[in-house]
Amino acid sequence: MNTHKRIFVLRILLSVLASNFAAVGQTATSQPAPVRQIVDGTAIHSVKVQNNSLNSKLMSRDMPYRVVLPRNYSAIKADGPRYSVIYLLHGLTGHFDNWTDRTALAEYASKHNFIIVTPEGDNGWYTDSVSVPNDKYESYIVKELIPEIDKTFRTVADRDHRAIAGLSMGGYGAIKFGMKYPEMFSLAGSFSGALGVATFGEGIRDAAFMKTITTIYGPAESETRKANDLFGIVRTSTSEKIKSMPFFYIDCGSEDFLFQNNRDFVTLLLEKKVPHEFRQLPGSHNWAFWNSQVKEFLEVADSRLKK
Numbered sequence: 018m019n020t021h022k023r024i025f026v027l028r029i030l031l032s033v034l035a036s037n038f039a040a041v042g043q044t045a046t047s048q049p050a051p052v053r054q055i056v057d058g059t060a061i062h063s064v065k066v067q068n069n070s071l072n073s074k075l076m077s078r079d080m081p082y083r084v085v086l087p088r089n090y091s092a093i094k095a096d097g098p099r100y101s102v103i104y105l106l107h108g109l110t111g112h113f114d115n116w117t118d119r120t121a122l123a124e125y126a127s128k129h130n131f132i133i134v135t136p137e138g139d140n141g142w143y144t145d146s147v148s149v150p151n152d153k154y155e156s157y158i159v160k161e162l163i164p165e166i167d168k169t170f171r172t173v174a175d176r177d178h179r180a181i182a183g184l185s186m187g188g189y190g191a192i193k194f195g196m197k198y199p200e201m202f203s204l205a206g207s208f209s210g211a212l213g214v215a216t217f218g219e220g221i222r223d224a225a226f227m228k229t230i231t232t233i234y235g236p237a238e239s240e241t242r243k244a245n246d247l248f249g250i251v252r253t254s255t256s257e258k259i260k261s262m263p264f265f266y267i268d269c270g271s272e273d274f275l276f277q278n279n280r281d282f283v284t285l286l287l288e289k290k291v292p293h294e295f296r297q298l299p300g301s302h303n304w305a306f307w308n309s310q311v312k313e314f315l316e317v318a319d320s321r322l323k324k
């Protein structure tokens, strides 16, 4: 295929990609919500769901987050048992309450002993913005939110007891956190992850979608794009760096518009001998798929996080 044909095909693919991202919110809405909207402090399936807010100095604003506490967690027992923590990241156009409102997470969590945190990430790709000084989504989670959770709740505050995962934009963010901060996480997971987003650019016709990318990453070939390109991080990682990385769990539905992007990334992981598990199964980019896969991820976390 000559260069002009390659560019033409790439533009078509990126145009379809942008259209699908823009439609994620509508697609999600068309899926039946497995559980009702959860109100702060609700006890459901023997777990407690709490809304919280952190006054972030890095973000210069209050950042909401939600916590699902284990069934036997008691806030009044300062010397009570401590728990592993799982951070679940939402997708583009989503918010911190999506995981508990749009999936049966509370029910699934009742069968495990994790503290689960669902932070707010706006449309920030869990990356420090090159153009908006106070949109430091990556630094906020690593430098402020995680220390706040460890201070506020009875966690086991180490790598062996901490995991991170997410859907779509959040899947990209979770894998990126695992690769850039391997000392903080022993497990990182992605459901339908937008794993190649840092290289998206020319050919995307959806202006709103493209703005989320350029606002965060800047123009093509910017240093921020290079520093946050998952494919680039893997390609340039030494064997020692790879040994330090957490275990990666990746899944994607075979009807998902991001399926090939995920397959390409997993192929690279295999080439570089990065420890991981990839699940390819029927499904699309919607809440029905994410509802089923977050349940699976909790089982994986139960077997991999230190007891």
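Counting from 18, one number per residue, gives the positions in the sequence shown under the working numbering. Ideal Cβ placement from N, Cα and C applies to all residues, glycine included. Since the model is a prediction, treat every value here as computed from it, not as a measurement.
Can you find the residues in the same chain that come closer than 8 Å, C-beta to C-beta, to residue i, ignoring five residues on each side of it along the sequence?
i      : result
Asp273 : Ser209, Asn279, Gly300, Ser301, His302 and Phe306
Glu200 : Arg176 and Ser261
Ser271 : Gln297, Leu298, Pro299 and Gly300
Measuring alpha carbon to alpha carbon, tell me which of the options ends up nearest residue i.
i      : options                          : result
Ser63  : Ala92, Thr110, Tyr125 and Tyr104 : Tyr125
Asp96  : Arg171, Lys153 and Pro81         : Arg171
Gly141 : Asn245, Val291 and Cys269        : Asn245
Pro150 : Pro292, Met76, Ser254 and Gln277 : Met76
Ala174 : Leu71, Ile163 and Pro292         : Ile163
Arg99  : Gly190, Pro87, Tyr198 and Arg83  : Pro87
Thr110 : Val311, Leu184, Lys197 and Ser70 : Leu184
Lys324 : Tyr90, Val102 and Glu165         : Val102
Val85  : Ser70, Gly270, Gly108 and Thr117 : Thr117
Glu257 : Lys289, Cys269 and Thr231        : Lys289
Going by DSSP in three states, residue i sits in which element: helix, strand or coil?
i      : result
Leu75  : coil
Asp118 : helix
Pro136 : strand
Ile93  : coil
Val173 : coil
Asp167 : helix
Phe194 : helix
Gly188 : helix
Phe131 : strand
Ala39  : With a pLDDT of only 43 at Ala39, under 50, the local geometry of the prediction cannot be trusted, and the value read off the model is given with reservation. The answer is helix: DSSP assigns Ala39 an H, G or I state.
Gly249 : helix
Thr44  : Because Thr44 sits at a pLDDT of 40, beneath the cut-off of 50, its placement in the model cannot be relied upon, and the following sentence gives the value as read from the coordinates. Thr44: helix per DSSP, three-state reduction.
Could you name the residues that DSSP lists as bridge partners for residue i?
i      : result
Glu294 : Tyr266
Gln67  : Val84
Ser261 : Answer is none; Ser261 lacks a bridge partner.
Ser101 : Phe131
Using the beta-carbon count (16 or more within 10 Å), is residue i buried or exposed?
i      : result
Arg242 : buried
Ile93  : exposed
Gln277 : exposed
Asp152 : buried
Arg179 : buried
Thr255 : exposed
Lys193 : buried
Ser70  : exposed
Asn308 : buried
Keeping to the same chain, check which residues put their C-beta closer than 6 Å to that of residue i; ignore five residues upstream and five downstream.
i      : result
Gly195 : Phe202, Ala205 and Pro263
Ala39  : Residue placement at Ala39 is flagged as unreliable, the pLDDT there being 43, under the threshold of 50; the coordinate-derived value follows with that caveat. The answer, listed in chain order, is Asp223 and Phe226.
Gly218 : Ala237
Asp319 : His129
Asn72  : Asp79
Measuring only between beta-carbons, confirm whether residue i sits less than 9 Å from chain D.
i      : result
Thr169 : Structure shown: chain D not included; a single protein chain is present.
Below 7 Å CB to CB, which residues in the same chain sit around residue i once its five sequence neighbours on both sides are set aside?
i      : result
Val291 : Val251, Ile259, Met262 and Phe265
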